[in-house]
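Peer 1: Keeping their order, the protein sequence lines are chains R and X. Residue 81 in numbering that gives the first Met the number 0 is what sits at position 82 of the first sequence, and the numbering runs on without skipping anything. Residue 34 in numbering that gives the first Met the number 0 is what sits at position 35 of the second sequence, and the numbering runs on without skipping anything. Just so it is clear, CB atoms sit at the ideal spot from N, CA and C, and this is done for glycine as well.
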Amino acid sequence: MNETMKAENPVLPYLRQDRLPHIWCPGCGIGSTVNCFARALTESKLDLDKVAIVSGIGCTGRVAGYMNLDSFHTTHGRAIPFATGLKLGNPSLKVVVYSGDGDLFAIGGNHFVHAARRNMDLTVICINNGTYGMTGGQVAPTTPLGATQTTMPYGNFEPSFNLPFLAEACGAVYVSRWTVFHVRQLIRSMREGLAKRGFSFIEILAPCPTLYSRRNKLGDGVDQVKYYKERSTIKDGADTREVGLTFQGDIVVGKFVDRERPTWLDAMTRHYTSVINDYQGVGHAED
Amino acid sequence: MKADPKGVLTGIHFIDGDHAACEGALAAGCRFIAGYPITPSTEVVERFAQRIPHIGGIFIQMEDEIASSIAIQGAMWAGKKVMTVTSGPGLSLMMEHIGLAAFTEVPCVFVDVQRGGPSTGLPTLPAQADMMQVKWGSHGDYEIIALSPNSPQESFDLMIKAFNLSETFRVPVFFMMDEVVGHMVERVAIPEASKIEITERRWSKKKPGEYKPYEAGPDMVPDLVKAGDGHRIHITGLTHDERGYPALNAAAQKKLVERLLNKIRLRKDELVDVRQDGVEGAEVVVVSFGITSRVAQAAVEEARRKGVKVGHLRLVICWPFPAALIAELSERVKAFVVPELNMGQMVLEVERAVLGRAAVVSIPHPGGTVHEPQVILDKILAASGKGAPAPQRAVR
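1) So Tyr-213/X contacts chain R; which residues on that side make the cut at Cβ distance below 8 angstroms?
2) According to DSSP, which residues form a beta bridge with Ser-287/X?
3) Count Cβ pairs between the stretch 229-242 of chain R and the stretch 51-63 of chain R that sit closer than 8 angstroms; are there 3 or more?
4) From the DSSP output, in three-state form, read off Asp-69/R for me.
5) Is there a C-beta anywhere in chain R that falls below 7 angstroms from the one on Ile-32/X?
6) Which chain R residues are close to Leu-99/X, counting only those with a beta carbon under 8 angstroms from its beta carbon?
7) Hey, how far is the Cα of Ser-329/X from the Cα of Ala-357/X?
8) If you follow the alpha helix (DSSP H) that Asp-97/R is in, where does it begin and where does it stop?
9) Return the Cβ separation of Gly-57/R and Gly-99/R in integer angstroms, given the expectation that the two are a contact with Cβ distance under 8 angstroms.
10) Applying the criterion that 16 or more other CB atoms from any shown protein chain within 10 Å of the CB defines a buried residue, is Arg-395/X buried or exposed?
11) What's the C-alpha gap between Lys-253/X and Pro-321/X?
12) So, for Asp-286/R: in the same chain, excluding its five sequence neighbours on each side, which residues have a beta-carbon less than 7 angstroms away from its beta-carbon?
13) For Glu-185/X, report the span of its beta strand (DSSP E) as first-last.
14) Could one say the Cβ of Ala-77/X lies closer than 7 angstroms to chain R's Cβ atoms, at least one of them?
15) Please go through the same chain and pick out, in chain order, the residues whose beta-carbon is closer than 8 angstroms to the beta-carbon of Ala-334/X, but skip the five residues on each side of it.
16) Which of the three DSSP states is assigned to Leu-99/X in this structure?
17) Identify whether Glu-202/R lies in helix, strand or coil by the three-state DSSP scheme.
18) Sorted by chain position, which residues of the same chain lie with C-beta nearer than 7 angstroms to His-270/R's C-beta, five sequence neighbours on each side aside?
19) Going by Cα to Cα distance, which pick from Thr-41/R, Gln-137/R and Asn-8/R is closest to Thr-209/R?
20) Can you check DSSP and say which residues form a bridge with Glu-196/X?
21) Please check if any C-beta of chain X sits within less than 7 angstroms of the C-beta of Pro-80/R.
22) Considering only their Cβ atoms, is the gap separating Arg-313/X from Arg-274/X smaller than 7 angstroms?
23) Quick check: Leu-25/X and Ile-189/X, are their CB atoms within less than 7 angstroms of each other?
24) Kindly list the residues whose CB is nearer than 7 angstroms to the CB of Gly-386/X, restricted to its own chain and excluding five residues on each side of it in sequence; keep chain order.
25) Hey, quick one: how far does the alpha helix (DSSP H) through Leu-164/X stretch, first residue to last?
26) Relative to the C-alpha of Val-309/X, which residue among Thr-167/X, Val-332/X, Ala-326/X and Asp-140/X is closest?
27) Counting along the chain, where does the alpha helix (DSSP H) carrying His-110/R start and finish?
28) Per DSSP, which residues does Ser-175/R bridge with? Please list them.
29) With distance defined between alpha-carbon atoms, name the residue in Ala-70/X, Lys-80/X, Met-158/X and Trp-76/X nearest to Asp-111/X.
30) Can you grab the Cα-Cα spacing for the pair Glu-178/X / Asn-261/X, in whole Å?
31) Could you tell me which chain X residues have their CB closer than 8 angstroms to the CB of Asp-277/R, listed as they occur along the chain?
32) Report the neighbours of Lys-44/R on chain X: residues whose CB is nearer than 7 angstroms to its CB, in chain order.
33) Considering only C-alpha positions, which residue in the set Leu-185/R, Leu-103/R, Ser-199/R and Trp-177/R is nearest to Glu-167/R?
34) So within the stretch 211-293 of chain X, which uninterrupted beta strand (DSSP E) runs reach at least 3 residues, ignoring any that extend past its ends?
35) Here's the rule: buried if 16 or more other CB atoms are within 10 angstroms of the residue's CB, otherwise exposed. What is Met-0/X?
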């Protein structure tokens with residue numbers, strides 16, 4: 000056995016090893032994104048005691064429980080408002096929201112819209128598999144037109160969200176999209192999202208072989224990753240209006256938005272400091 | 000420990016219950032409120048938004064009550080004392096997160112300034128019709144504590160108690176005001192900070208690696224840590240073990256749910272808070288809470304002038320219900336008279352405690368105003384045998 004093989008997997012210290020094995024299916028893309036996230040944390044050189052991860056409910060909602068960080072598995076759709084309270088309660092924390100497309104954009108859509116508008120200082124990572132995996136493959140607000148799901152048994156006739164466009168329109172300061180094929184770019188993007196002050200949003204396309212691919216006769220997880228590889232084009236700075244997804248169609252990936260706006264806390268602090276003589280701050284010892 | 004003087008507006012004030020509740024929260028150490036405007040509770044958060052920049056803390060108006068009721072829980076895990084404020088429709092939206100707070104043992108205060116319902120109902124008019132909702136509204140089995148002030152002064156005083164109880168028991172505590180108490184303006188005396196007792200959070204002294212979020216001692220209440228202190232805690236709304244890890248089986252469910260119920264049920268004697276007036280030797284006892292207690296008091300005094308031995312027992316803590324006390328009284332009194340601004344909610348608890356040993360007379364009211372004292376007086380007289388016999392209840 001050579002030295003590399005003997006060495007511990009560098010991701011392991013980031014995981015709660017006493018919680019393994021995880022619940023994800025073979026071919027699921029979520030685990031690959033967790034791998035990238037662990038590497039992004041390493042490269043970011045953040046103090047991991049000051050990084051908290053918040054998830055909602057669903058397959059991706061289980062990510063928080065596997066990360067060896069302060070981690071919160073909250074209610075369906077409400078990871079962002081929980082994270083908002085956590086961040087404002089202790090601004091020295093780096094707070095990451097890690098959840099799925101149904102959680103963040105159907106039941107939780109309103110919270111996403113407002114947190115982006117406020118430029119709440121959160122890093123929001125959305126695993127978009129186009130379906131509700133945990134409950135058995137129902138249509139999501141991200142399911143492409145025409146795809147079959149258990150609650151769209153004759154094919155989806157609802158238009159889907161273009162998430163980068165939504166995020167940009169609502170005010171996110173950092174918006175990117177990658178697929179689980181683009182691991183190098185994804186690690187870099189996660190690192191940038193973690194470093195960005197303000198509301199950063201990273202969409203990651205990931206296969207759900209059990210419930211999305213199988214039902215649509217798209218093969219297994221590997222087939223879907225091949226599709227990502229073959230049909231993706233990297234276009235940094237692309238107009239987000241043009242990056243909507245279609246069923247097995249072309250995919251535009253890249254870093255679309257990277258801009259500066261004052262965060263909610265920065266705006267409040269600046270404003271109150273100028274208009275309130277005895278402004279006392281947010282009352283946290285580590286301000 | 001004593002209250003932080005920064006949050007204590009010592010002095011004599013002429014303010015309404017909503018404003019007094021805000022001052023109570025500030026005195027109790029609340030430094031984070033997430034809220035959403037809703038009549039008749041909005042004045043609480045308006046005052047907090049105005050006051051908190053001068054004290055140090057956060058107010059954020061969230062996008063809805065669902066967000067408010069979980070943002071406060073995030074802030075609690077960051078170490079803050081937290082509260083949210085609402086009224087009926089908003090309370091209905093918060094139900095899932097009340098269950099989360101109970102299940103993950105988040106000390107926090109929910110203020111419910113009750114108005115007429117159901118649905119949008121009577122936004123500017125009083126009711127006391129959310130009493131069962133706060134006890135039972137979220138799915139699953141859990142326990143909470145609820146207090147009911149009957150004046151602006153109590154909106155201040157009891158708010159401190161509400162925060163202290165939330166820290167002692169690590170449960171969501173409900174502050175059951177109503178539109179009249181919320182909007183009535185009265186004298187409120189706020190003492191010096193050194194005279195206000197504050198219950199400190201139950202901080203764990205364990206080191207990272209040793210601490211388990213849901214390991215409880217004999218009092219059944221686990222100690223807390225906060226995010227960012229190196230403990231790498233995991234908190235989930237799934238059924239969990241002492242480490243906080245999901246444990247999706249019947250044995251873990253039994254252990255956790257029973258502890259969450261027992262930490263209140265087995266210690267309910269510590270949670271009896273009633274105000275008794277002439278209950279000893281009474282043949283009729285009026286059981287009331289909140290604004291209705293002030294109307295009932297007028298009826299009680301009039302009945303005494305007419306020679307009836309009537310006592311008045313006011314619930315300050317409504318949940319847990321003081322069943323043992325009512326049961327004990329039921330051995331000695333002829334009847335309980337229970338006026339409330341709903342169609343018969345807390346009277347069900349009285350009946351359960353009395354178990355037929357005495358008569359229980361409900362005086363329901365659909366809300367929109369308070370009872371006429373004469374209605375309560377008539378029932379007292381009838382129950383004592385001095386007036387017309389009490390008719391059977393038409394509405395149950």
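Peer 2: For this structure:
1) By Cβ distance, chain R contributes nothing, its closest Cβ being about 14 angstroms from Tyr-213/X, past 8 angstroms.
2) Arg-313/X
3) no
4) strand
5) no
6) Thr-73 and Thr-74
7) 6 angstroms
8) The question names Asp, yet the displayed sequence has Tyr at residue 97/R. No alpha helix (DSSP H) contains Tyr-97/R, which is instead part of the beta strand (DSSP E) from 93-99.
9) Sure, about 4 angstroms apart at Cβ, within 8 angstroms.
10) Note that Arg-395/X has pLDDT 44, beneath the 50 cutoff, so the model's placement of it is unreliable and the number below is only indicative. Looking at its Cβ environment, which holds fewer than 16 other Cβ atoms inside 10 Å, Arg-395/X is exposed.
11) 26 angstroms
12) Because Asp-286/R carries a pLDDT of 43, less than 50, the predicted location of this residue cannot be relied on, and the following value inherits that uncertainty. So the list reads Pro-90 and Gly-280, once near-sequence residues are dropped.
13) 184-189
14) yes
15) Glu-282, Val-283, Val-284, Ala-357, Ala-358, Val-359, Val-360, Ala-382 and Ser-383
16) helix
17) strand
18) Result list for His-270/R: empty, nothing under 7 angstroms.
19) Here the closest residue by C-alpha is Gln-137/R.
20) Lys-1/X
21) yes
22) yes
23) no
24) Setting aside the 5 residues that flank it on each side, Gly-386/X is surrounded in the same chain by Asp-377 and Leu-380, each with a C-beta closer than 7 angstroms to its C-beta; the list follows chain order.
25) 151-168
26) Val-332/X
27) 108-117
28) Ile-201/R and Lys-254/R
29) Met-158/X
30) 33 angstroms
31) His-53
32) Within chain X, no residue comes near Lys-44/R; the closest Cβ sits about 17 angstroms away, beyond 7 angstroms.
33) Ser-199/R
34) Qualifying beta strand (DSSP E) stretches, in chain order: 233-235, 273-276 and 283-288.
35) That one is exposed.
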